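**Student:** Got a structure here, written out as structure tokens. Questions coming.
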Amino acid sequence: MAKRLYVVLLIPVLVALSLGAFRGKRSIDTLQDAEDAVRVAQLVQTANKYASDVINERDVSVVPLLKGKRSDSAITKARAITDQDRKDFDRAVANMPRSTRLLKRVAAVRTGEKALTELREDAFTAKLPGVQTEEKYHLIQHPLMELSNELGFGSSNQASFGRTLYALSLTQAAESLTRAIGQRVLVQDRDDLADGELDVQLATFRSYAYLQQVALQEFAGAGTSEDMDRLDQAMAAARKKGESLAAEAAQKAEDAGKPFVAPPPLEEMIQRISSGATAEKLAAEGITPESFFTASTLAFDAYRRVEVQLSDTALAKAEEISDDARRDALVNSVVVVAAVVLAFLLAMWVARSMTGSMRRLRGAALDIAQTQLPALVEKLSQPRPHPVNTRVAPIPIDTRDEIGEVARAFDQVHREAVQLAAEQALLRGNVSAIFTSLSRRSEALVEGQLHLLTDLEKNEADPDQLENLFRLDHLATRMRRNGENLLVLAGEEPRHRWDQPMPLIDTVRAAASEVEQYERVQISGIPETLVHGRAATDLVHLLAELLENATTFSSPRSPVRVTAARLPDGRAMVEIHDEGVGLTSQDFAELNRKLADPPTVDAAISRRMGLFVVGRLAERHGIRVQLRPARAEYGAIALVMLPYTTLADEGAPAAYSNL
């Protein structure tokens, strides 16, 4: 029962554990996604820097390479920055989530990187003309720029943030290409160009200038008002710095006594370059490779500064989300564990409380059923029971639940059982009193009858009449024994006892004389053993009942043999052999059980009253009586084991007193 109760109470705990585990797993999955988003943001941050520095390397290399200065310090410095960006990107790739989309995008970056070494050697040469050089650098920069599309975890619109950053990166890339092509148009010798090549360059220049405007519109559509304000502020700062640089250049030219033409705004420079005007004409308008590179670089740096701010913001948001997810996972885990532990402890407390009450109830019930009630019934079943306390102590369970109700119900059953046992004891006491009263009255009458018969026998001379008187005397003796049986049933002691030890042979003869068919009893081999006077009367009665049983249930022509022996340990054994009808082993077992433990007086005693009396008399003196099957096909042997406490030292035969 306790195990089933624990199982029943364990079910909700397991359910709570399952739900808690599911919630904990969701929290852990969210935390994992947030941490992946942080690593993606870090990857995008390094990728954007890598992409910006790659195209910046291309742009700063245009003029030196076209002039044949391949070891220029600007080129070396730009390439060193790009190489360091590549290492940083490799570390970020090693730490990024291994999703299919990211791996595919990184693979595209690796494809472009493979040509970087060869690209640096052949850039802006006959092997790799300007347009091809720009396209080769674009194969590295564009996949890096596309990684921005992987941003956006945890935002309200997951695609908008990466889209905004991608649009700005595209704007920066278009600005970079415009810068690179514009420098090449301003620096290169147009006489060395093939027919139509200049037109292609100018068309490409105009296309990238247009692409820049398209990317700015995409940025405005994808970004927030704060993003646009940040870009406007960066561009305003770039224009202000450009004006400051132009003022400084004008002052230097004035100090040197050289003419100076202030460059127009960047948008006008782009329009004038795309018109196809010659370098000399453009220089007269203040549009030189240096002024154009400076103005375009200011715009490029403004885009890059906003791009860095966006990528930093993306990383900060991802880290904030990761921290929140980590905190939520920790809180959820603690709450789940605490809830499960609390539920488990509560279930165990309820189970232990209930099982404890059930164990106490079971223990008390078993104690009442197996110890208290049988002991009380045994005390009340005694022929002369001592005063017994019939008050019932309640089971020590005071709860108001069903277990407490069962305990109170069992207390009521216990009280009813005790009351019934007391009533039965009272009834048996009344029956015993009736038996005693009837026995005493019958005994007085029988004693008077025996005295009268003794007087008649003394004065009778007719042999036939004397024989009838002897037979009548024998019947009266048997009637007296039946009256004594009533006293035994009532638990009373016999009125007449021997006052001195009695020879065992005399007890056997006295017992045989009280049997109706006494002439069938054959006595032999009785040792010269004395029986204590206190046990002699009851032993005579016990043997008489056994002999009566042997003669009654055996053939009238068969003898009943009585023998005895003194055992080495001081005890004596009396054996009564008859040739009656055979009994089964179950009959012998049942009879021996009743002889060893005489049952309570009830209606069933009337069928085997003799054996009941034998059992009571044997119990009174510690005598053991046992029935066994005879060695022959039929018959039984009654064994009477006399303990040494019933035997006395041998001496002169004692007279029977008060007979």
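504 is the number that the numbering used here gives to position 427 of the sequence shown; each next residue is one higher, with no gaps. Heads up, the beta-carbon is just placed ideally off N, CA and C, and yes, glycines get one too. Please read these numbers as outputs of a predicted model, since none were measured by experiment.
Just confirm the distance between the C-beta atoms of residue 279 and residue 124, as a whole number of angstroms; I'd bet it's less than 8 Å.
**Tutor:** About 32 Å; that fails the 8 Å criterion.
**Student:** Does the distance from the CB of residue 245 to the CB of residue 201 come in under 8 Å?
**Tutor:** no
**Student:** Does the Cβ of residue 261 have 16 or more other Cβ atoms within 10 Å, making it buried, or fewer, making it exposed?
**Tutor:** buried
**Student:** How is the beta strand (DSSP E) around residue 738 delimited, first residue to last?
**Tutor:** Past the edges of the chain, shown from 78 to 736, lies residue 738, and the structure says nothing about it.
**Student:** Could you have a look at residue 634 and say whether DSSP puts it in helix, strand or coil?
**Tutor:** coil
**Student:** For residue 91, collect the residues of the same chain with a Cβ closer than 6 Å to its Cβ; drop the 5 residues on either side in sequence, then sort them by chain order.
**Tutor:** Here the set comprises nothing.
**Student:** For the beta strand (DSSP E) that contains residue 704, what are its first and last residues?
**Tutor:** 701-706
**Student:** Suppose you measure from the CA of residue 110 to the CA of residue 186; what does that come to, to the nearest Å?
**Tutor:** 24 Å
**Student:** Are there 16 or more other CB atoms within 10 angstroms of the CB of residue 107, so buried, or fewer, so exposed?
**Tutor:** buried
**Student:** Is it true that the CB of residue 640 sits closer than 8 Å to the CB of residue 687?
**Tutor:** no
**Student:** Could you tell me which residues DSSP puts in a beta bridge with residue 341?
**Tutor:** Paired residues: none, contrary to the question.
**Student:** Given a threshold of 16 other Cβ atoms within 10 Å of its Cβ, counted over all protein chains shown, does residue 721 qualify as buried or as exposed?
**Tutor:** exposed
**Student:** Report all residues from its chain with a CB closer than 7 Å to the CB of residue 582; omit the five preceding and five following residues, and keep chain order.
**Tutor:** 603
**Student:** What number of angstroms, rounded off, separates the C-alpha of residue 166 from the C-alpha of residue 257?
**Tutor:** Near 25 Å, if we compare the C-alpha coordinates of residue 257 and residue 166.
**Student:** At the level of alpha carbons, what is the spacing between residue 440 and residue 421?
**Tutor:** 27 Å
**Student:** DSSP three-state call for residue 119: helix, strand or coil?
**Tutor:** helix
**Student:** Hey, which unbroken runs of the alpha helix (DSSP H) at 4 residues or more fall wholly within the stretch 313-393?
**Tutor:** Complete alpha helix (DSSP H) runs here, min 4: 343-351 and 356-361.
**Student:** Nearest to residue 431 by CA position, among 483, 383 and 404, is which residue?
**Tutor:** 483
**Student:** Go through the stretch 163-237 residue by residue and report every complete run of the alpha helix (DSSP H) that reaches 4 residues or more, in order.
**Tutor:** 177-190, 193-199 and 207-223
**Student:** Could you give the distance in angstroms between the alpha-carbon of residue 652 and the alpha-carbon of residue 595?
**Tutor:** 16 Å
**Student:** Tell me whether residue 713 sits in a helix, a strand or coil according to DSSP, three-state version.
**Tutor:** strand
**Student:** Let me know the secondary structure DSSP gives residue 499 once reduced to three states.
**Tutor:** The answer is helix: DSSP assigns residue 499 an H, G or I state.
**Student:** If we count the other Cβ atoms within 10 Å of its Cβ and call it buried at 16 or more, is residue 348 buried or exposed?
**Tutor:** exposed
**Student:** By Cβ distance, which residues of its chain are closer than 7 Å to residue 307, with the 5 residues on each side in sequence left out?
**Tutor:** 383 and 386
**Student:** If you draw a straight line from the alpha carbon of residue 195 to that of residue 343, how long is it in whole angstroms?
**Tutor:** 33 Å
**Student:** In the DSSP assignment, the alpha helix (DSSP H) including residue 582 goes from what residue to what residue?
**Tutor:** 581-590
**Student:** List the endpoints of the continuous alpha helix (DSSP H) containing residue 598.
**Tutor:** DSSP places residue 598 in no alpha helix (DSSP H) but in the uninterrupted beta strand (DSSP E) bounded by 598-600.
**Student:** Looking only at C-alpha atoms, which of 138, 173 and 177 sits nearest to residue 157?
**Tutor:** 138
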